[in-house]
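Participant: In this note's numbering, the protein residues as written are 9 to 362.
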Ligand SMILES: NC(=O)c1ccc[n+]([C@@H]2O[C@H](COP(=O)([O-])OP(=O)(O)OC[C@H]3O[C@@H](n4cnc5c(N)ncnc54)[C@H](O)[C@@H]3O)[C@@H](O)[C@H]2O)c1
């Protein structure tokens, strides 16, 4: 394969996909699709792409991309991903993989049927800090990971209030499925991908629903969620996700994984989307704390990594099974929040991918 022919469907977050492809000498943007004509024209102009489509199926038929990235509202992921796979493209789907596990199962079947890769954009694994921490984990830094705490909380960060994000039938849920998905995935990945066996979740609807009444907008999802996950190896995970609520930082992302030999932390710097890695360990009887050395040398983002995988004919690291494993946790947390009871998973979801 010379250059990987890439197409993007959905040009909100999808603009970042296109930007990455534009800067990648192994990639070529062969088409962009969005139902918003102004956004489509403006994005086409910005990235100097002439093959613009309001109907993504027309794009799949006419430009035959090697890789399609899907950055659409969550309720469209299944249908569009399956269409793209059926048309012969590999696919990188935005997180969350789907709104429910059954949809993920059908997406996985479509990938197997088509013999194509289906990756999930759990993009925080690709941050330089995330990679540096994973390298330490793989090197045995933590010993045995037995507990993690993970959060992404905002004090006032409702995405596009009144739009699809806040409507359960279009999004699948609120900040838990939107933000929590990233931090739960990061924590479980750094814990060595143990298998979840039970979850207990709580959701709160304190701010968004009231605001929607005043502004006469649609909103029926939680604005805060918390939960506990137990794993088959006895490890535990505590999580929080919010779009709104009283707290000091506007944007607060923090994941701490504790092992019997040390502790690793991935967090945003200040209120930014820049990340640092930190460690705590003992050496010679002394407690040591510090910053993990992070280098962005040779680090690609998830889009660049997917292009490299296709060029070199190797699997992308974040698979549909990874997306499904998180989806099962999210589904369980929502079910638990609704019933007020712990949810137990009868059988583990597929094999681990560390
Ligand atoms: N990985 C990340 O960090 C990250 C960040 C932001 C969003 N996301 C995910 O990306 C996805 C999209 O989120 P967003 O913020 O870009 O939403 P958005 O609403 O800003 O953008 C969605 C775009 O899809 C277009 N669209 C809707 N229906 C379409 C159709 N049938 N065909 C073609 N285009 C269509 C809309 O016109 C819009 O431009 C979501 O799944 C979200 O969770 C991921």
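C-beta atoms are modelled at their ideal positions from N, C-alpha and C, and glycine is treated no differently.
Predicted model, so just to flag it, every value in this text is computed and none were measured.
Taking a contact to mean a Cβ-Cβ separation below 9 Å, would you say residue 274 touches residue 261 in this structure?
Facilitator: Yes, the Cβ-Cβ distance between residue 274 and residue 261 is below 9 Å.
Participant: Would you say residue 68 touches ligand 2, meaning its beta carbon is less than 8 Å from a heavy atom?
Facilitator: In terms of ligand content, the structure shown lacks ligand 2 and carries ligand 1 instead.
Participant: Quick check on residue 2: buried or exposed, where buried means 16 or more other Cβ atoms within 10 Å of its Cβ?
Facilitator: Nothing about residue 2 can be reported from this structure: the residues present for the chain run from 9 to 362 only.
Participant: Less than 6 Å between C-beta atoms, sequence neighbours within five positions excluded: which residues of the same chain meet that for residue 360?
Facilitator: Because residue 360 carries a pLDDT of 44, less than 50, the predicted location of this residue cannot be relied on, and the following value inherits that uncertainty. Closer than 6 Å at Cβ, skipping near neighbours: 201.
Participant: Pull up the distance between the alpha-carbon of residue 112 and that of residue 257, whole angstroms please.
Facilitator: Using only the alpha carbons, I get a separation of about 34 Å.
Participant: From the DSSP output, read off the bridge partner residues of residue 179.
Facilitator: In the DSSP output, where bridge partners are listed per residue, residue 179 has none listed.
Participant: Measuring from the CB of residue 192, is there a heavy atom of ligand 1 at a distance below 8 Å?
Facilitator: no
Participant: Using the Cα positions of residue 84 and residue 212, report the straight-line distance between them to the nearest angstrom.
Facilitator: Roughly 26 Å separates the two Cα atoms.
Participant: Do the stretch 301-319 and the stretch 31-42 meet, that is, are 3 or more Cβ pairs less than 8 Å apart?
Facilitator: yes
Participant: If you draw a straight line from the alpha carbon of residue 124 to that of residue 236, how long is it in whole angstroms?
Facilitator: 35 Å
Participant: Against chain D, with Cβ distances strictly below 9 Å, would residue 74 count as a contact?
Facilitator: The structure shown contains no chain D, having only a single protein chain.
Participant: For residue 234, write down the residues that DSSP places opposite it in a beta bridge.
Facilitator: 210, 248
Participant: If you check the beta carbons only, do residue 335 and residue 167 fall under 9 Å apart?
Facilitator: No, the Cβ-Cβ distance between residue 335 and residue 167 is not below 9 Å.
Participant: Report yes if the C-beta distance between residue 60 and residue 100 is below 9 Å; otherwise report no.
Facilitator: no
Participant: What beta strand (DSSP E) runs, 3 residues minimum, are completely inside the stretch 35-121?
Facilitator: 35-41, 75-78, 98-102
Participant: Could you check the C-alpha separation between residue 344 and residue 206 for me, to the nearest Å?
Facilitator: Going from the Cα of residue 344 to the Cα of residue 206 covers about 10 Å.
Participant: Please state the DSSP three-state secondary structure of residue 352.
Facilitator: If DSSP states are grouped into helix, strand and coil, residue 352 belongs with the strands.
Participant: For residue 204, which of helix, strand or coil comes out of DSSP?
Facilitator: strand
Participant: Under a three-way DSSP split, which group does residue 186 fall into?
Facilitator: helix
Participant: Taking Cβ to Cβ, would you say residue 39 is nearer than 9 Å to residue 15?
Facilitator: At the C-beta level, residue 39 and residue 15 come within 9 Å of one another.
Participant: Work out the CA separation of residue 253 and residue 184 for me, nearest whole Å.
Facilitator: 14 Å
Participant: Where does residue 320 fall in DSSP's three states?
Facilitator: coil
Participant: Among residues of its own chain, excluding the 5 on either side of residue 324, which ones have a beta-carbon nearer than 6 Å to its beta-carbon?
Facilitator: Cβ-Cβ distances below 6 Å link residue 324 to 125, 127, 314, 317 in the same chain, with the five nearest sequence neighbours on each side left out; the list follows chain order.
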